[in-house]
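Listed in order, the protein sequences are those of chains Y and S.
Residues in the first sequence are numbered consecutively from 1359, following the working numbering.
Residues in the second sequence are numbered consecutively from 454, following the working numbering.
A short worksheet on the structure shown next.
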Amino acid sequence: MRATVKGRVAIFHPQGFLDGNNAPSFLTLDDIKATEALNVDMLLVSLKKVIFFNKNGLDVFIKLLLSIRNQKHITVGLCDYDHTKFKTINAFYGSNLNFSLFRSEKIAELFAPTNKSDSKTILLYDDDPSQRSAMAIELFDYGHNPVIAQSKKEFNEKKQNPDLYYAVIDDTYLGLFGQKIATRVTGNAIIYTISNFLDAEITNTFNIDYHNNSLNVGFRLFIFDAYKVVSMNVHALNFFTRLASSAAEYNATICFVGLTFEKTPQSFKNDLEDAGMLFFDNMDDILKNKELLQELGGSSAAVTKQVRTLNKTLVNELPHFVEATVSTIAMMTNAKASKESMNVQTLEIQNTTNQYASSIGFYGDVDGMIILVFPKEIAKKACELLIGESTEEEEIILDSLAEFVNIIGGRAKALLGEKKHRVNITLPRTYHDVASLMEMAQNKKGVQVNLSFEGSNFIFFLTR
Amino acid sequence: MVTQEQISHYIQNIPPVPDVVKQTLGFVQSGDLIKAAKCAEQDPALKLYLKTLINRPIYGFRNEVSDVSQIFGILGTSTAQQILYHYLLTLLVPQEWKLFALNHHAFYDLQASLSRKWEKILRHLNLLSRDTESAITLLPASIIVCDALFGEHKSEVEQLRSVKALDYNTILYRLSKQTLFDICTVIAHKWEMSPSISRIVHAASGLDQNLESKEQLLAQWIHLLLFYELSQSPYVSAGLNEFIDFQIEFVQDIYESFMQVVEYDESNR
């Protein structure tokens, strides 16, 4: 059985009965290797479709989860269960519960980094005050707005108005959490929350893949929320200077907010400033200053001083990327997309209304980005297999579009792999209109391929 | 991915019931097992199938049973009909499984295990009849159809499943507005099986609405039985656990009784 990956969360979905006799059969050696190779921040087992489980059955999965957590410092646990199952799991593991429990997949996703910048209001309660606080801090660090009920009574009262909250969290448990630095997105800026004493451990807790992903998909402003940092040592300093050097290649800016130098040597600040880091006292000094935000690259990626150009390697691989796109559309719709025209140019979209767009970056032996721009109806048609029944809900369509682009990225990766080019793909990003895409993509030169599908045109754009 | 043409082509190529089997079934259904045995003698493949089956350890005979009339006598009319339908299904079983890691042996074991437990269930529900008993024989046809339709698209399904946990039945429905169980109904019709058999098997998906109370009950039990079997180690390894979507709420209220009927021993697991 392979885990399904959505964003930075991978989930196994066993069905039926799970016991010590059958559980090992769910995970072959290949499955274990494939799981270890996943580039995710959270690995879970869904119990939604499991009608019976016992400790022996769970232990098979838990053993794999814990081994991967030890290697990769990611969050692992179980999700999608009801109150009875939650109580059973607690009874099985008691005080040895050292993995996380999320009542639903939706709740789990709140504790993982995404490319989305929307802050959600969440009601939460746990009998244990330390769990309540831990969850609230994590949610806040991931950019959400937690509302903490201090008592069961208050929780039950507040729960009466579910429309006020994106999610209501109970029967959830954070086990050995905070292994990774929390990440959130605000507009076109990415905010990392760091705390306590920073040392060499930051190389394990900072999600460098996510950071590289973000650079590749066009983010240009990175902010370290350092209000809770007490001090740092030379290993952490070296880490940040290396990060600044790699950001410079993309003309990206890295800032520290709220970092004090009472216990951190002043010379460190000078070194970091020399490496190109900026320092601010308050978050609002950046986020509420539109001019500054634009200058730093947090309002759009279009302000980058140096546009990365197409190179021969990338153009040579163009047929693979187009093939991955066309074959994915054929797979998902049983209809063929045909190539109409192809030009080297900046992205040009004739009709800017009623269009969805999505992008996915790749990096490694070859680096660049695929952008797809669809008329909304075509996007819905292309994603029908993933969505199921027809829907007009934009969020569902855009989520499916992200999954669709992820399949294209996976196919492109496989096709490049056949030519011994090793690449990783980034998180897909979706845009609900052309304007927000153009903020990121204008001025970028690339290959634009106009494709025709069921009588409508859509755009494939390959750039760096 | 799977196209409408591919489905139509598959349906067109479902073999008709061989004349000998049709006549044998007719005699079995009219209760004339002597004539049924004489008729079955004419088909060497059917004779061999019956001999091999009755001499498997599950039937517990010390000496080899080789006489066809003796075999029918042992089976009785209900089981004889069920076995003849099993035989029909062998006409659909692929030489080589492409999607699921199955072989003839594992598939026949699955058939036998489903049949054995289904009979227990029907006795428990007091709903044992020739048609209800035979319904279980058609159920594995859905697995054969799934392998035939998706066998050539294994890597595409893997890519799709890498981003979304979709089962084969849902994928097929979204592509063609037909389910694996719709195709089983077509098979049942082509093989002139009783409509009540195809209705029970269709409802085994756990998705049918507006069922009569008896059919609803049978659908719940057959759905849970299917997942009980597909959770067994050899079938998990074969990839069958991802075959259709398990409707856990649909079977929740019969779960406790089911565990007693199949004598599930938690302490040994």
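The C-beta atom is built at its ideal place from N, Cα and C for all residues, glycine as well.
Residue burial classification, Phe514(S) (beta-carbon count within 10 angstroms, cutoff 16):
Counting from 1 along the second sequence, the entry for residue 514(S) is found at position 61. Counting Cβ neighbours within 10 Å, Phe514(S) comes out exposed, since fewer than 16 surround it.
With 7 angstroms as the threshold, decide whether the Cβ of Leu1744(Y) is near any Cβ in chain S.
Taking the first sequence and counting its residues from 1, one reaches residue 1744(Y) at position 386. Yes, Leu1744(Y) lies at the interface with chain S (some Cβ there is under 7 angstroms from its Cβ).
Checklist line | Chain-ordered neighbours of Ala618(S) on chain Y, where CB pairs are closer than 7 angstroms | finding: Taking the first residue of the second sequence as 1, we reach residue 618(S) at position 165. What Ala618(S) touches in chain Y: Thr1362 and His1371.
Worksheet entry | First and last residue of the uninterrupted alpha helix (DSSP H) at Asp635(S) | Within the second sequence, residue 635(S) is the residue found at index 182, counting from 1. Run containing Asp635(S): Leu633 to Lys643, per the alpha helix (DSSP H) assignment.
In the DSSP assignment, find the unbroken beta strand (DSSP E) run with Phe1811(Y) in it and report its ends. The residue given as residue 1811(Y) occupies position 453 in the first sequence. Unbroken beta strand (DSSP E) run through Phe1811(Y): Lys1803 to Phe1811.
Between the segment 1370-1397 of chain Y and chain S, which residues of the former have CB atoms less than 7 angstroms from a CB of the latter, in chain order?
His1371, Pro1372, Gln1373, Gly1374, Phe1375, Asp1377, Gly1378, Asn1379, Asn1380, Ser1383 and Phe1384
Exercise for review: For Asp1440(Y), count neighbouring C-beta atoms within 10 Å of its own C-beta (all shown protein chains included) and say buried if the count is 16 or more, exposed if not.
Suggested key: The residue given as residue 1440(Y) occupies position 82 in the first sequence. By the neighbour-count rule (16 or more Cβ atoms within 10 Å), Asp1440(Y) is not buried but exposed.
Problem - Spatial neighbours of Ala1688(Y) in its chain, beta-carbon cut-off 8 angstroms, leaving aside the 5 residues before and after - result: As a working mapping, residue 1688(Y) is identified with position 330 in the first sequence. Around Ala1688(Y): Lys1694 and Ala1695.
Fill in: DSSP beta-bridge partners of Cys1437(Y)
Against the first sequence, residue 1437(Y) aligns to sequence position 79. Looking at the DSSP assignment, Cys1437(Y) forms a beta bridge with Ser1404(Y) and Phe1460(Y).
Check: Which ranges does the beta strand (DSSP E) cover as unbroken runs of at least 3 residues, wholly within the segment 1659-1724 of chain Y, from first to last along the chain?
Finding: 1695-1704 and 1713-1722
Exercise for review: Identify whether Phe1577(Y) lies in helix, strand or coil by the three-state DSSP scheme.
Suggested key: Counted from its first residue, the first sequence places residue 1577(Y) at position 219. Phe1577(Y): coil per DSSP, three-state reduction.
### Query
Just the Cα atoms here: how many angstroms apart are Leu1601(Y) and Glu1607(Y)?
Here residue 1601(Y) refers to the residue found at position 243 when the first sequence is read from its first residue. Here residue 1607(Y) refers to the residue found at position 249 when the first sequence is read from its first residue. If you take the alpha carbons of Leu1601(Y) and Glu1607(Y), they lie about 10 angstroms apart.
Would you list, in chain order, the members of the segment 1399-1418 of chain Y that have their beta-carbon closer than 7 angstroms to a beta-carbon of chain B? No chain B is part of this structure, whose protein chains are labelled Y and S.
ask   = What does a CB cutoff of less than 6 angstroms around Ser1810(Y) pick up in its chain, not counting 5 residues either side in sequence?
value = Here residue 1810(Y) is taken as the residue at index 452 of the first sequence, counted from 1. Closer than 6 angstroms at the Cβ level, and outside the excluded window around Ser1810(Y), lie Ser1696 and Glu1698.
Only counting the same chain, and skipping five residues up and downstream in sequence, which positions put a Cβ closer than 8 angstroms to that of Leu683(S)?
What you label residue 683(S) is simply residue 230 of the second sequence in a count that begins at 1. Val689, Leu693, Asn694 and Phe696.
> Going by the beta-carbon positions, is the gap between Ala641(S) and Ala656(S) smaller than 7 angstroms?
Replying inline: Against the second sequence, residue 641(S) aligns to sequence position 188. Against the second sequence, residue 656(S) aligns to sequence position 203. It is not a contact, given that the beta carbons lie outside the stated cut-off.
Residues, ordered as in the chain, of the segment 1755-1789 of chain Y that lie near chain S by beta-carbon distance below 9 angstroms: Ser1758, Ala1760, Glu1761, Phe1762, Asn1764, Ile1765, Gly1768, Arg1769 and Ala1772
Closest residue to Arg576(S) among Asp718(S), Phe711(S) and Tyr717(S) (Cα-Cα distance):
Counting from one through the second sequence, the residue named residue 576(S) turns up at place 123. The candidate whose alpha carbon is nearest that of Arg576(S) is Phe711(S).
*asked:* Tell me the rounded alpha-carbon separation between Ser461(S) and Asp620(S).
replied: What you label residue 461(S) is simply residue 8 of the second sequence in a count that begins at 1. What you label residue 620(S) is simply residue 167 of the second sequence in a count that begins at 1. Taking the straight line from one Cα to the other gives about 21 angstroms.
Going along the chain, which residues of the segment 1670-1703 of chain Y sit with their C-beta nearer than 7 angstroms to a C-beta in chain S?
Met1689 and Asn1692
Contact set between Ile624(S) and chain Y, taken where Cβ atoms lie within less than 9 angstroms: Residue 624(S) sits at position 171 when you count from the first residue of the second sequence. Per Cβ cutoff of 9 angstroms: Leu1743.
I'd like to know if Gln775(S) contacts chain Y, where contact means its C-beta is closer than 7 angstroms to some C-beta of that chain. Nothing can be reported for residue 775(S): it is not among the residues displayed for chain S, which extend from 454 to 722.
Alpha carbon to alpha carbon, how far is Lys1413(Y) from Leu1482(Y)? Give it in angstroms, no decimals. The sequence position of residue 1482(Y) within the first sequence is 124, counting from 1. The sequence position of residue 1413(Y) within the first sequence is 55, counting from 1. Approximately 28 angstroms, taken between the alpha carbons.
>> Using 8 angstroms as the cut-off, can you tell me whether the segment 553-573 of chain S makes contact with the segment 476-493 of chain S, which would need three or more C-beta pairs spanning the two stretches below that distance?
In response: no
inquiry  = Can you check which of these residues, Leu581(S), Asp520(S) and Trp550(S), is closest to Leu602(S) by C-alpha distance?
reply    = Position 149 of the second sequence, counting from 1, holds the residue named residue 602(S). Answer by Cα proximity: Trp550(S).
Would you say Ile464(S) reaches chain Y, if we count a Cβ-Cβ gap shorter than 7 angstroms as a contact?
Looking up residue 464(S) in the second sequence gives position 11. By this cut-off, Ile464(S) is not an interface position.
> Are the beta-carbon atoms belonging to Val473(S) and Gln459(S) less than 7 angstroms from one another?
Replying inline: In the second sequence, residue 473(S) corresponds to position 20, counting from 1. In the second sequence, residue 459(S) corresponds to position 6, counting from 1. Going by C-beta atoms, Val473(S) is not nearer than 7 angstroms to Gln459(S).
Original post:
Cβ of Ile596(S) less than 7 angstroms from any chain Y Cβ?
Top reply: Position 143 of the second sequence, counting from 1, holds the residue named residue 596(S). Ile596(S) does not count as touching chain Y.
Is it buried or exposed for Ser595(S), if we count other Cβ within 10 angstroms and need 16 for buried?
-> Taking the second sequence and counting its residues from 1, the one referred to as residue 595(S) is at position 142. Burial call: buried.
_Min CB distance Thr632(S) to chain Y below 7 angstroms_ = In the second sequence, the residue the question calls residue 632(S) occupies position 179. No, Thr632(S) does not count as interfacial toward chain Y.
When you compare each of Glu1394(Y), Asp1529(Y), Val1505(Y) and Ser1488(Y) to Lys1445(Y) by their alpha carbons, which one comes out closest?
Along the first sequence, one-based indexing puts residue 1445(Y) at 87. When each option's Cα is compared against that of Lys1445(Y), the closest is Asp1529(Y).
Checklist entry - On the three-state DSSP scale, how would you describe Leu503(S)? => result Position 50 of the second sequence, counted from the first residue, corresponds to residue 503(S). The answer is helix: DSSP assigns Leu503(S) an H, G or I state.
Discussion item. Using a 10 Å radius around the Cβ and a threshold of 16 neighbouring Cβ atoms, would you call Glu1675(Y) buried or exposed?
Written reply: For the purposes of this step, residue 1675(Y) is taken as residue 317 along the first sequence, with counting starting at 1. The residue is buried, with at least 16 neighbouring Cβ atoms inside 10 Å.
Going by beta-carbon coordinates alone, are Ile1495(Y) and Val616(S) separated by less than 7 angstroms?
Residue mapping note: residue 1495(Y) aligns to position 137 of the first sequence, counting from 1. Residue mapping note: residue 616(S) aligns to position 163 of the second sequence, counting from 1. Cβ atoms of Ile1495(Y) and Val616(S): not closer than 7 angstroms.
Return the chain-ordered list of same chain residues with a C-beta closer than 8 angstroms to the C-beta of Val1661(Y), the five sequence neighbours on each side being excluded.
Working through the first sequence from its first residue, we reach residue 1661(Y) at position 303. Only weak support exists for where Val1661(Y) lies, its pLDDT of 42 falling under 50; the coordinates are left without a value.
Legend entry - N- and C-terminal bounds of the beta strand (DSSP E) containing Phe1638(Y): Taking the first sequence and counting its residues from 1, one reaches residue 1638(Y) at position 280. Residues Leu1636 to Phe1638.
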